[in-house]
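Chemist: This is the structure I have questions about; it appears just below.
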Amino acid sequence: MGAGSKVSRIVKRDGRVVEFMPEKIAAAVDKALKAVGETEGEAVSVDLAREAKERVQRGFRGRTPTVEDVQDIVEKVLIEAGYVAAAKAYILYRQRHAELRDAKRFFGVADDLKLGVNAVKVLERRYLLKDESGRVVETPGEMFRRVATAVSAVEKKYDKGADISAWEDSFYRFMTEFLFLPNSPTLMNAGTSLGQLSACFVIPVEDSIAGIFDALRDMALIHQSGGGTGFSFSRLRPRGDVVRSTHGVASGPVSFMHV
Numbered sequence: 659m660g661a662g663s664k665v666s667r668i669v670k671r672d673g674r675v676v677e678f679m680p681e682k683i684a685a686a687v688d689k690a691l692k693a694v695g696e697t698e699g700e701a702v703s704v705d706l707a708r709e710a711k712e713r714v715q716r717g718f719r720g721r722t723p724t725v726e727d728v729q730d731i732v733e734k735v736l737i738e739a740g741y742v743a744a745a746k747a748y749i750l751y752r753q754r755h756a757e758l759r760d761a762k763r764f765f766g767v768a769d770d771l772k773l774g775v776n777a778v779k780v781l782e783r784r785y786l787l788k789d790e791s792g793r794v795v796e797t798p799g800e801m802f803r804r805v806a807t808a809v810s811a812v813e814k815k816y817d818k819g820a821d822i823s824a825w826e827d828s829f830y831r832f833m834t835e836f837l838f839l840p841n842s843p844t845l846m847n848a849g850t851s852l853g854q855l856s857a858c859f860v861i862p863v864e865d866s867i868a869g870i871f872d873a874l875r876d877m878a879l880i881h882q883s884g885g886g887t888g889f890s891f892s893r894l895r896p897r898g899d900v901v902r903s904t905h906g907v908a909s910g911p912v913s914f915m916h917v
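Just add 658 to the spot in the sequence shown (first one is 1) and you have our numbering.
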């Protein structure tokens, strides 16, 4: 940004430089006033926001302000205009959000979707991909993009001319706007070498010792990858039936449910 030019960019907390949107100052001032019951009308919010924007332009000619710089100016404008209660509410708002950011950093997650702490904690523990040392290697937004890419790719099987990018973007938007969320295995495994997207499996139990314990092995493998299981015992002979190989009698399906 050249000397004397207007402020058109702003540095976000993660270091990204994005477009400066003055309307966000107006929204912040309006929220601060409403939080303490100020009812003097929209004109007050507009005037205070205009003053804050002018101070940003005067104070940062030739420089790019940070988000914190702009928020500091909003605080000063509120205090100097006599809206001390609103300024206090705004300061507390900033403090709460700083604490939220610190909590998210504690979990090692770069939160690019502005989720709550509990949501970030659950994602870190169960869904976000990690490297061999257990360090999180994707953001929540990257997780949703991974899922959208993997799931939308299937459209080619049903329509050779399908616009995969359009499907991917639509699915990504549905998830990031929380209009729809897939099941846990899809969030965990889509786009990975495992690729297990189903949550529930019904395992048939064959009428033999080998078949019964094969079913248990399959159950363990499915649970290991995040799925759930049910069993079909309909192939097991009923209790009291003769077992030719041992000359004994079958104990029935119920007994094997306890295995």
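By construction, the Cβ of each residue, glycine as well, lies at the ideal position given by its N, Cα and C atoms.
#1: Which of helix, strand or coil does DSSP assign to Pro896?
#2: Hey, out of Ala908, Gln729, Gly869, Pro843, whose CA is closest to Ile880's CA?
#3: Apart from the five residues on each side of it in sequence, which residues of its chain come closer than 8 Å, Cβ to Cβ, to Phe718?
#4: Which same chain residues, not among the five before or five after Arg713, have their C-beta less than 6 Å away from its C-beta?
#5: Quick check on the DSSP output: what are the complete alpha helix (DSSP H) runs of length 4 or more inside the segment 743-781, in order along the chain?
#6: Is the Cβ of Leu855 closer than 8 Å to any Cβ of chain B?
#7: Quick one: residues in its chain with C-beta nearer than 8 Å to the C-beta of Glu813, no 5 flanking neighbours on either side, listed in chain order?
#8: In terms of residues, what are the limits of the alpha helix (DSSP H) holding Glu680?
#9: Taking all protein chains shown into account, decide if Arg803 is buried (16 or more other Cβ within 10 angstroms of its Cβ) or exposed.
#10: DSSP state of Pro840, grouped into three classes?
#11: Taking the alpha-carbon positions, what's the Ala857 to Glu835 distance?
Modeler: Taking the definition as stated:
#1: coil
#2: Pro843
#3: These residues qualify, in order along the chain: Val665, Asp727.
#4: Ile731
#5: 775-780
#6: Any reference to chain B falls outside this structure, which holds one protein chain only.
#7: Answer for Glu813: Ala820, Ile822, Trp825, listed in chain order.
#8: The sequence shown places Pro at residue 680, not Glu. Looking at the DSSP string, Pro680 is not in any alpha helix (DSSP H), and its letter there is neither H nor E.
#9: buried
#10: In the structure shown, the three-state DSSP call for Pro840 is coil.
#11: 23 Å
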